[in-house]
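And the structure:
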C-alpha cells in the first residue's frame, strides 16, 4: 500500500480511456470530487493528469474501463495504470466500458460497433447508433470492477458479424 503523505486526501482514481475525450475521476468515499477531461491523445494527456493528481492526493486504488474501444488508448491506459499500481503497491481493478455509456453500442472500425448481448461482447456491422459518449459516475460502484485488469482487446476485425 502506498505510504500516505501528510495533508493529502486519500482518493481512488477512475480512468475512462477507450476513446476521446479521456476522462479521469477522483473519488473520495465513493463520491466524485474532481474530474479531468482531455481531447489530447491518451499518451500525452494521462501522464500529465497522473502527475498532477499525485502531487495533491494519495491514491489508494485505481480503476479503469478495459475496453472495448480504441486499441492504443486502452493499451496506453493499462500500461500507465499498471505501472502506478506496482510502484505504489495499490490495486488496479477494471470493468468493461459499457458500464459508462448505459450499455449502448460502442463504435469499432468503419461502420461496425461493439455490442454487449447476454453478457458477451461482440462486433456487429452496419451500426448507425454506436455511442461514443462516456460519463464518469457521480458515485463509484465498486461492484462493477474486478481484479482481472488485463485489457479487453476484441480482435481481429474478422469477428464482425
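Residue numbers (my numbering): 1 to 161.
All residues carry an ideal CB built from backbone N, CA and C; glycine is no exception.
Note that the structure is predicted; figures quoted are calculated from it, not measured.
Would you check if the distance between the CB atom of residue 35 and the CB atom of residue 136 is smaller than 7 Å?
Translated into positions along the chain shown, residue 35 becomes position 35. Translated into positions along the chain shown, residue 136 becomes position 136. In this structure, residue 136 lies closer than 7 Å to residue 35 by Cβ.
Buried versus exposed, by CB contacts within 10 Å (16 or more), residue 102:
As a working mapping, residue 102 is identified with position 102 in the chain shown. When all chains shown are included, residue 102 counts as exposed.
Hey, would you say residue 16 sits closer than 7 Å to residue 26, going by beta carbons?
Walking along the chain shown from the start, residue 16 turns up at place 16. Walking along the chain shown from the start, residue 26 turns up at place 26. No, Cβ-Cβ distance for residue 16 and residue 26 is not below 7 Å.
Same chain, Cβ closer than 7 Å to residue 30, neighbours up to 5 away in sequence not counted:
Here the question's residue 30 lines up with position 30 in the chain shown. Excluding sequence neighbours, residue 30 sits near 139, 140.
Of the listed residues 8, 99, 115, nearest to residue 53 (C-alpha basis)
As a first step, residue 53 must be located in the chain shown, where it is residue number 53. Measuring C-alpha to C-alpha distances from residue 53 to each of 8, 99, 115 identifies 8 as the nearest.
Apart from the five residues on each side of it in sequence, which residues of its chain come closer than 8 Å, Cβ to Cβ, to residue 134?
Start at 1 with the first residue of the chain shown, and residue 134 comes out as number 134. Contacts found: 16, 18, 19, 23, 65, 97, 100, 101.
Bridge partner(s) assigned by DSSP for residue 79:
Numbered from 1 along the chain shown, position 79 holds the residue referred to as residue 79. According to DSSP, residue 79 bridges with nothing at all.
With 16 other Cβ atoms within 10 Å as the buried cut-off, status of residue 148
Against the chain shown, residue 148 aligns to sequence position 148. Residue burial annotation: residue 148 is exposed, with fewer than 16 other C-beta atoms found within 10 angstroms of its C-beta.
Report all residues from its chain with a CB closer than 8 Å to the CB of residue 47; omit the five preceding and five following residues, and keep chain order.
The residue given as residue 47 occupies position 47 in the chain shown. Hits under 8 Å: 80.
Please list, in chain order, all residues of the same chain as residue 157 whose beta carbon is under 7 Å from its beta carbon, the five residues on each side excluded.
Counted from its first residue, the chain shown places residue 157 at position 157. Summary for residue 157: the model assigns pLDDT 48, below 50, so the residue's position carries little reliability; its value from the coordinates is reported in the next sentence. Closer than 7 Å at the Cβ level, and outside the excluded window around residue 157, lie 109.
If you follow the alpha helix (DSSP H) that residue 42 is in, where does it begin and where does it stop?
Counted from its first residue, the chain shown places residue 42 at position 42. Boundaries of the alpha helix (DSSP H) harbouring residue 42: 42–56, taken from the DSSP string.
Would you tell me roughly how many angstroms separate the C-alpha atoms of residue 111 and residue 128, rounded to the nearest one?
Here residue 111 corresponds to residue number 111 of the chain shown, with the count starting at 1. Here residue 128 corresponds to residue number 128 of the chain shown, with the count starting at 1. If you draw a straight line from the Cα of residue 111 to the Cα of residue 128, it comes to about 7 Å.
Buried versus exposed call for residue 152 [16 or more other C-beta atoms within 10 Å across all chains shown]:
For the purposes of this step, residue 152 is taken as residue 152 along the chain shown, with counting starting at 1. Burial of residue 152 is indicated by the presence of at least 16 other C-beta atoms within 10 angstroms of its C-beta.
Measuring alpha carbon to alpha carbon, tell me which of 84, 106, 28, 95 ends up nearest residue 50.
Position 50 of the chain shown, counted from the start, is the residue given in the question as residue 50. Comparing Cα-Cα distances from residue 50 to each of 84, 106, 28, 95, the minimum goes to 84.
What separation, rounded to the nearest whole angstrom, lies between the Cα atoms of residue 161 and residue 76?
Here residue 161 refers to the residue found at position 161 of the chain shown. Here residue 76 refers to the residue found at position 76 of the chain shown. The predicted model places residue 161 with a pLDDT of 46, which falls under 50 and marks its position as unreliable, so this point remains unresolved.
Under the DSSP definition of a beta bridge, which residues are partnered with residue 92?
In the chain shown, counting from the first residue as 1, residue 92 sits at position 92. Beta-bridge partners of residue 92 (DSSP): 62.
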